[in-house]
Structures are given as structure tokens and as C-alpha cells.
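K.L.:
Below is the structure I would like to discuss, written out as C-alpha cells.
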Amino acid sequence: MRRGRHKIFIGMAPGVGKTYKMLEEGHSLRKQGTDVVIGLLETHGRKETAEKAEGLEIVPRKILEKEGFTLSEMDTEAIIARSPQLCLIDELAHTNVPGSEREKRFQDVEIILSRGIDVYSTVNIQHIESLNDLVARITGVVVRERIPDRILEEADEVIVVDVTAETLEERLLAGKIYAPEKIQPSLNNFFQRRNLIALRELALREVADTVEEEASNSTFIGQSCPVHERVLVCVSTYPNSLRLLRRGARVAGYMNAEFFVIFVDNPDRFLTREEALHIETCQRLCGEFEGKFLRVKSYQVAEAIAEVAERERITQIVIGESLQSRWKHFIKGSFTQKLMRLIWQKNIDLHIIATDPKVPVKDARGKGVKR
1 MRRGRHKIFI
11 GMAPGVGKTY
21 KMLEEGHSLR
31 KQGTDVVIGL
41 LETHGRKETA
51 EKAEGLEIVP
61 RKILEKEGFT
71 LSEMDTEAII
81 ARSPQLCLID
91 ELAHTNVPGS
101 EREKRFQDVE
111 IILSRGIDVY
121 STVNIQHIES
131 LNDLVARITG
141 VVVRERIPDR
151 ILEEADEVIV
161 VDVTAETLEE
171 RLLAGKIYAP
181 EKIQPSLNNF
191 FQRRNLIALR
201 ELALREVADT
211 VEEEASNSTF
221 IGQSCPVHER
231 VLVCVSTYPN
241 SLRLLRRGAR
251 VAGYMNAEFF
261 VIFVDNPDRF
271 LTREEALHIE
281 TCQRLCGEFE
291 GKFLRVKSYQ
301 VAEAIAEVAE
311 RERITQIVIG
321 ESLQSRWKHF
331 IKGSFTQKLM
341 RLIWQKNIDL
351 HIIATDPKVP
361 VKDARGKGVK
371 R
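This is the structure we're talking about:
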């Protein structure tokens, strides 16, 4: 049995129109002859959403009795028994009530997909596990309901439902998102404009990452298809590498880019104690800039850098013009030319940065160079 296809509608916040868009596509497919049902719909009292659901079959919820309360959850087994071609499921990150067969709604979705049923679902960017801490820093709100990143990565399609922060504010003030008593508290907290702008950028970048991964997997060998910037700084055993690393980190910051640092280690050469400590300092500094440090053993430095750049989908490479010592056999223009030939036609820019005088680590203290 084939696995069902999963399409996720993602947005920066409640009220952007994820559920409405999902229902709209459900209606369109139904008109084309697809057997469509609603597995779970949360309207939150929004009139437009409720009206958009009219005409689509809704699978009744499962009723649960819990400590004297009557609760309801999506009836996964009923959906499987109904066996539609497509099931629309709202709020992917929802936590099921205690006593349910599965803890999270995304787990129910995985069961439905395994039965060959296509699923359209919705989620907000703040519910992605790896972004939880970042969202908390942006908004001051810790989101309890989360989904693993793999759910987004394994989806067959991810659609960002995008509106401007101003449009979302207008919807909130018009009472199209929350009840009147919740409008002002929302504007003072989660729905502050600066929060919405940051969350919008986060949603767009997250989907760009997903698209980039798909593009990378589908391009021909030797081609690269980057979507947003990734900066790779090449460090050596020379003290100027620290300045180069900081410059590269600033470049990454200006471009809002991911940051990588590479050190190519000759397998036949043992580092001195000072050199080893210097590379450890580079690695620590890279971590402080929230970058990824890559230590690669290779006799061919340019080839190793080009290979890593292609694998990590790097768009900007930063090297120092005063690299010497263990790189001195290629710095007289030949290394730069070789690297340029290797990255030609790969959409990678090469930056050559002027750095400190050519003083090796072991001589740095004697020559008064700051480390």
C-alpha cells in the first residue's frame, strides 16, 4: 500500500488563513472528483472559516468521558474506516486528551497516512520543535504544543500562508481572530507588530529551507540550488584566522545567513600544542557565533573546501589573503585560482579578506601579535 501524501499549510500566527486555505483547496479537489472529508476542524468561532467548511463531509469526533467531563477528539479509526482519498486535519501540533490511543495529533496523522490516505494539515511556525527557544526569545511565550522537525521535513509539500503584520493586526481588530475581550491583550503580547514581523520572517525562512532541501535532492550532480545565504570561513593555524572568523561572522550576520567555519587538517602533519589550542579557540569562537565548525582531514585543501561548500550548499566563501605556513605552497595566487575553478558555476561567491601580517601561532607572542 502506498503511503498517503502530506501537505502542510504553515503560518506565522493564528488568523493568517491556514485553515481557510486548506478548506478552499479541499473544495477545489472535491469539484474535480476527489473524495474529500474533514477529519478535524477548529473554527475558533470564526464565521468565515465555518462557512467555508459547508459542503464538505465531516467525520464525527470521538466522544471521551474524563473525570466527569465530556471531551472530544479526532476519530482516527473512523477516518480510516471511511477511507477517503483526502482528509483535512486542523492543528497538527494538538495534544490529545489523556487516555487517547496516541498522545499527539501528528501521530494520528501518521497512522492515517500509512493507510494510503492523503492528508492536508495546518500548523503555526511556533510549534516547530527546533524553533521553540527562538520563538520564546522573540515573543516571550513558551509554546507547549510542538511537533518534531521531521514532520515538516517528511511532508510532500509545505505551503506558507503569508500575510503582512499590518493585515493580521487589521483582522485581529476586526474581531476575525479572537473574541472582543481577547483583542487588546493579544495586541499587547503575542500579536505585537515586532513579534509578527519576526515570526513572519521565520516562517518564510523555514519553508525556504524545506524547498531548498527538495531542490538539492532533485538537481543534477555537480549543480547547486541555494535559496538563502550560507557563509563558510576557511581558517588555518595562523592568528589572523580569528580576525577572519569574526569578519565572516559579521558578514553572515548582515546577510542573515547560516555560518560555517572549516579547518582542513593535513593527515601527515601533527599540530604543535600552540596550533592545536589555536584551532580549539577557533572552534569555540565559532560556537559563540552559533556557527558550525567543520574539521576535515585532507591533502587537497582547495578540493576539501569545495566539496564541503557543495555539500552544505554554501553561497559565500571567505578566505584570508595572508594565509601561509601549511598553505604557503598554494597562496601565490594558485590556491585562489584553483578554488575559483572548483566552485565555478556553483553559485558561490569568493571573498578574499586582508588580515594580519603573516605570523605563525608559534611566533605570535614573540612578535607582539594579539591572539
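Position one of the sequence shown corresponds to residue 1 (full-length UniProt numbering), numbered consecutively onward. Don't be surprised by glycine CBs; every beta carbon is placed ideally from N, CA and C.
Helix, strand or coil for serine 100, going by three-state DSSP, please let me know.
P.N.:
Looking at serine 100 - three-state DSSP - the assignment turns out to be coil, as it is neither helix nor strand.
K.L.:
Run through DSSP, which three-state label would arginine 311 get?
P.N.:
Helix at arginine 311.
K.L.:
Starting from the Cα of isoleucine 147, find the closest Cα among Gly17, Gln107, Gly45 and give me that residue.
P.N.:
Among Gly17, Gln107, Gly45, the Cα nearest to that of isoleucine 147 is on Gln107.
K.L.:
Which complete alpha helix (DSSP H) runs does the region 274-302 hold, if anything under 4 residues is left out?
P.N.:
The qualifying runs do not exist here; there are none.
K.L.:
Bridge partners for valine 231 per DSSP, in chain order?
P.N.:
Answer by DSSP bridge pairing, in chain order: Phe259, Gln316.
K.L.:
Pull up the DSSP beta-bridge partners for tyrosine 120, would you.
P.N.:
Partner(s): Lys7, Leu88.
K.L.:
Do methionine 22 and serine 114 have their CB atoms nearer than 9 Å?
P.N.:
Contact: no.
K.L.:
So what's leucine 339 in DSSP terms, helix, strand or just coil?
P.N.:
Leucine 339: helix per DSSP, three-state reduction.
K.L.:
Pop quiz: cysteine 282 and leucine 339 are said to be a contact at Cβ under 8 Å. What is the actual Cβ separation, rounded to whole angstroms?
P.N.:
Not quite, the Cβ-Cβ distance comes to about 19 Å (not below 8 Å), so this is no contact.
K.L.:
With the cut-off set at 9 Å, would you say histidine 351 and isoleucine 319 are in Cβ contact?
P.N.:
For histidine 351 and isoleucine 319, yes; Cβs fall inside 9 Å.
K.L.:
At which residues does the alpha helix (DSSP H) containing leucine 173 begin and terminate?
P.N.:
Segment 165-173, the alpha helix (DSSP H) holding leucine 173.
K.L.:
Per the contact definition of three or more C-beta pairs closer than 8 Å, is the region 116-136 in contact with the region 80-99?
P.N.:
Touching, yes, given that three or more Cβ pairs across the two stretches are closer than 8 Å.
K.L.:
Around the Cβ of serine 100, are there at least 16 other Cβ atoms within 10 angstroms (buried) or fewer (exposed)?
P.N.:
With 16 or more Cβ atoms within 10 Å of its Cβ, serine 100 is classed as buried.
K.L.:
Name, in chain order, the residues that DSSP records as bridge partners for isoleucine 138.
P.N.:
Looking at the DSSP assignment, isoleucine 138 forms no beta bridge with any residue, so it has no partner.
K.L.:
State the DSSP-derived secondary structure class of lysine 346, mapped to helix, strand or coil.
P.N.:
Residue state, collapsed to three classes: coil.
K.L.:
Is the region 250-270 in contact with the region 302-318, if contact means three or more CB pairs nearer than 8 Å?
P.N.:
Result yes; three or more Cβ-Cβ pairs closer than 8 Å.
K.L.:
According to DSSP, simplified to helix, strand and coil, what is glycine 39?
P.N.:
Here glycine 39 sits in strand by DSSP.
K.L.:
Does DSSP put threonine 95 in a helix, a strand or coil?
P.N.:
Of the three classes helix, strand and coil, the one that applies to threonine 95 here is strand, per DSSP.
K.L.:
Is it right to say valine 16 is buried, meaning 16 or more other beta carbons lie within 10 angstroms of its own, or is it exposed?
P.N.:
Buried, since its Cβ has 16 or more Cβ neighbours within 10 Å.
K.L.:
Report the option in Tyr20, Arg295, Arg2, Val37 whose CA atom is closest to the CA atom of isoleucine 177.
P.N.:
Answer by Cα proximity: Tyr20.
K.L.:
With a floor of 3 residues, list each beta strand (DSSP E) that falls wholly inside the region 40-68, ordered by position along the chain.
P.N.:
As far as the region 40-68 is concerned, its whole beta strand (DSSP E) runs of at least 3 residues are 62-66.
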